[in-house]
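K.L.:
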Ligand SMILES: [Zn+2]
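In this note's numbering, the protein residues as written are 1 to 96.
#1: Pick from 90, 28 and 83: whose alpha carbon is nearest that of residue 13?
#2: Alpha carbon to alpha carbon, how far is residue 63 from residue 38? Give it in angstroms, no decimals.
#3: Distance check for residue 65 and residue 77, CA to CA, integer angstroms please.
#4: Given a cut-off of 8 Å, decide if residue 16 and residue 86 are closer than it, judged by their beta-carbon atoms.
#5: Output the boundary residues of the alpha helix (DSSP H) element that contains residue 31.
#6: Starting from residue 93, follow the alpha helix (DSSP H) in both directions and report where the run begins and ends.
#7: Would you mind reading off the limits of the alpha helix (DSSP H) that contains residue 13?
#8: Using 7 Å as the cut-off, classify the Cβ of residue 90 as near or not near the heavy atoms of ligand 1, replying yes or no.
#9: Indicate, with yes or no, if ligand 1 has a heavy atom lying under 7 Å from the CB of residue 57.
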């Protein structure tokens, strides 16, 4: 779970979901940024379900409907896992 770099408040899963896009600490209201290391992790996370769906589509004759359901399930799971991979920093970090 993410920990605020300003006040060291540990964000709960619910708090993380609430501030997923703004990344504002619920305790001290300080703007936080996703660390470069964590960005890398979440970018891998977004590639995995897409490639799984692609492979499933290639190797089985999945109908469009069940493919769409699979995609929604994966997207839901991804959002649910996101707070576990989120790490915070005080400044915007870029990874090479
Ligand atoms: Zn804070």
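A virtual CB, placed ideally from N, CA and C, is assigned to each residue, including glycine.
P.N.:
Working from what's here:
#1: 83
#2: 35 Å
#3: 19 Å
#4: yes
#5: First-last for residue 31: undefined, no H or E at that position.
#6: Looking at the DSSP string, residue 93 is not in any alpha helix (DSSP H), and its letter there is neither H nor E.
#7: 13–18
#8: no
#9: no
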